[in-house]
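A.B. asks: Residue numbers (the numbering used here): 18 to 537.
1. Kindly indicate the opening and closing residues of the alpha helix (DSSP H) around residue 239.
2. Output needed for residue 181: all residues of its chain with C-beta closer than 7 Å, excluding positions within five of it in sequence on either side, in chain order.
3. For residue 366, does the three-state DSSP call read helix, strand or coil?
4. Examine the Cβ distances between the stretch 500–518 and the stretch 226–243 and report whether three or more of them are shorter than 8 Å.
5. Skipping 5 residues on each side, what residues in its chain have a beta carbon closer than 8 Å to that of residue 30?
6. Report all residues from its chain with a CB closer than 8 Å to the CB of residue 218; omit the five preceding and five following residues, and keep chain order.
7. What distance in whole Å lies between the Cβ atoms of residue 281 and residue 450, which are believed to be in contact at a cut-off of 8 Å?
8. In whole angstroms, what is the alpha-carbon distance linking residue 493 and residue 432?
9. For a quick check, are the C-beta atoms of residue 444 and residue 427 less than 9 Å apart?
10. Kindly indicate which residue of 377, 520, 410 has the alpha-carbon position closest to the one of residue 487.
11. Ignoring anything shorter than 3 residues, give me the beta strand (DSSP E) runs that lie fully in the stretch 153–201, in order along the chain.
12. Which runs of the beta strand (DSSP E) at least 3 residues long sit entirely within the stretch 472–502? Give them in chain order.
13. So, residue 434 versus residue 466, is the Cβ gap smaller than 9 Å?
14. Rounded to whole angstroms, how far is the Cβ of residue 263 from the Cβ of residue 394, which I believe are closer than 8 Å?
15. Would you tell me roughly how many angstroms separate the C-alpha atoms of residue 369 and residue 524, rounded to the nearest one?
16. Could you pull out every residue in the same chain whose Cβ sits closer than 6 Å to the Cβ of residue 381, ignoring the five residues on either side in sequence?
17. Taking C-alpha atoms, which residue in 385, 473, 477, 373 lies nearest to residue 422?
18. With DSSP as the reference, please indicate the residues paired to residue 460 in a beta bridge.
19. How long is the line joining the alpha carbons of residue 158 and residue 168, rounded to whole angstroms?
20. Who does residue 257 pair with in a DSSP beta bridge?
21. Tell me where the alpha helix (DSSP H) around residue 528 begins and ends.
22. Go through its chain and collect everything with a Cβ distance to residue 414's Cβ below 6 Å, but skip five positions before and after it.
23. If you check the beta carbons only, do residue 273 and residue 337 fall under 9 Å apart?
24. If contact is defined by three or more beta carbon pairs under 8 Å, each pair taking one atom from either stretch, is the stretch 50–64 in contact with the stretch 82–95?
25. DSSP state of residue 219, grouped into three classes?
26. Measuring straight from C-alpha to C-alpha, what distance separates residue 521 and residue 514?
27. Give me the Cβ distance between residue 475 and residue 456, rounded to the nearest whole Å; I'm assuming they're in contact under 8 Å.
28. Quick check on residue 326: does DSSP put it in helix, strand or coil?
29. If you count every other CB in all the chains shown that lies within 10 Å of the CB of residue 27, and 16 or more means buried, which is it?
30. Would you identify the three-state DSSP class for residue 78, choosing helix, strand or coil?
31. To which residues of the same chain is residue 79 closer than 7 Å at the C-beta, ignoring the five residues directly before and after it?
32. Does the distance from the CB of residue 94 to the CB of residue 140 come in under 9 Å?
33. Thinking just about the alpha-carbon of each residue, which of 228, 346, 297 is nearest to the one in residue 489?
See the structure below:
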């Protein structure tokens with residue numbers, strides 16, 4: 018029994034002439050209980066030991082059958098030789114079995130033991146040497162084989178597997194004794210009263226022992242990285258935008274952003290549309306579901322600030338329609354018939370930029386420099402694979418101020434991403450319907466050894482800003498990136514479905530620590 022192992026080890030060390038014992042002296046004892054016994058003795062300095070690891074070959078049930086009865090190809094050869102007039106190919110499975118016929122015939126042909134004569138199998142050799150059986154018999158006896166190529170070939174054929182075996186070289190320690198002395202674990206009141214504590218042997222504390230895990234809740238890695246981004250934004254003076262509306266109208270999600278109604282992003286294969294109800298009402302001042310109206314208070318007939326040019330919702334609707342249809346504010350527009358019903362269709366928001374539009378429209382009440390950010394879930398009708406999901410998180414930042422230029426956006430991006438630990442950036446011209454100029458942002462990934470896209474950015478177009486009443490000289494930076502991509506990089510996740518969704522491993526969530534973006 019495992020409880021007697023320490024005593025057995027001490028007895029063997031006392032009775033043997035050799036100064037060193039191996040675990041082979043306990044062939045019936047598994048490695049784990051044996052290690053526990055030698056660790057117990059070593060902690061008391063009664064023994065010392067060295068751990069030796071080796072691999073042993075273990076035969077599969079199929080290999081055991083081959084070792085006992087011969088290989089499949091040998092069975093095929095004997096069956097063909099026994100048929101003096103030749104053996105029909107169709108009759109082979111009935112003679113040697115389906116598995117032996119399937120595997121053995123090919124190997125017998127390859128070794129040149131049999132040949133095919135029309136529809137008959139005939140022998141092509143007088144005698145054979147069943148090397149596979151011989152090899153397996155040697156491995157069964159010695160647990161290994163001199164030629165590693167033979168082991169690799171047999172593993173490939175799934176005839177054997179390798180298992181790791183621990184062995185211990187054990188020798189006497191400085192405090193070796195034949196018997197284990199009982200060690201006290203607690204100092205009791207009785208010991209102090211009768212003085213037995215003076216001669217008692219106390220078990221030393223094991224400060225290397227790991228405590229039992231305490232069941233508790235855990236934050237998802239996405240939430241940990243999200244908090245890091247929120248902290249970066251707050252350090253840079255940003256205000257968090259409300260993002261509690263997953264369902265949007267096409268007006269706020271597309272039209273107010275100067276996205277034309279015939280844009281591919283508005284197709285069914287790219288956007289989730291709501292079936293019930295299909296449409297919403299036109300934007301209005303007394304709509305309690307409007308997040309920025311609820312924040313700012315009810316406003317009737319446009320802005321309550323007499324010095325503001327912010328239009329009423331009806332005027333804003335007409336401005337957006339005009340800038341699409343015929344052009345306005347110095348733009349020629351898209352020159353197409355704008356459909357109000359299309360603008361009122363309900364969708365699952367495809368980006369959080371619709372929330373930025375809310376906040377900029379609110380900002381037109383009292384135009385001033387402002388910084389906004391949001392991190393929340395968005396939805397797109399995409400095929401799910403290792404790098405794409407139908408729902409994911411978007412990180413968005415907006416800076417509104419007077420006299421902004423493209424160089425300032427590039428400089429800000431360098432500062433912003435440096436706080437994430439990304440210092441090498443490149444910018445590539447891009448196209449977005451609501452920003453001009455637009456830039457894709459690339460960062461150098463040390464692990465992958467290449468440049469990867471990490472975000473998109475640009476300056477919001479006048480066709481988007483001026484219809485809501487913002488001053489002509491006010492400029493707005495906007496940029497966005499996903500939350501999942503940096504989280505996958507930081508936590509070494511290659512398949513996004515292991516990070517978000519029903520395939521997430523709860524142990525992965527519990528054991529992964531928080532990351533510090535600028536230190537990783």
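Ideal placement from N, C-alpha and C gives every residue a C-beta, glycine not left out.
C.D. replies: The relevant details are as follows:
1. 238–252
2. 70, 72
3. Reduced to three states, the DSSP call for residue 366 is coil.
4. yes
5. Counting only Cβ-Cβ distances below 8 Å, and skipping sequence neighbours, we find 38, 64, 187, 188, 189, 193.
6. 198, 199, 200, 201
7. Incorrect: roughly 11 Å between the Cβ atoms, too far for contact.
8. 18 Å
9. Going by C-beta atoms, residue 444 is nearer than 9 Å to residue 427.
10. That would be 377, whose Cα lies nearest to the Cα of residue 487.
11. Within the stretch 153–201, the beta strand (DSSP E) runs of at least 3 residues that lie entirely inside it are, in chain order, 177–189.
12. 491–499, all fully within the stretch 472–502.
13. no
14. 7 Å
15. 31 Å
16. 327, 485, 486, 487
17. The shortest Cα separation from residue 422 among 385, 473, 477, 373 belongs to 477.
18. 442, 469
19. 14 Å
20. 390
21. 523–528
22. 390, 496
23. yes
24. no
25. strand
26. 7 Å
27. 6 Å
28. For residue 326, the secondary structure class from DSSP, reduced to helix, strand or coil, is coil.
29. buried
30. helix
31. Leaving aside the five residues that flank residue 79 on each side, the residues in its chain whose CB is nearer than 7 Å to its CB run, in chain order, 176.
32. yes
33. Nearest option by C-alpha distance: 346.
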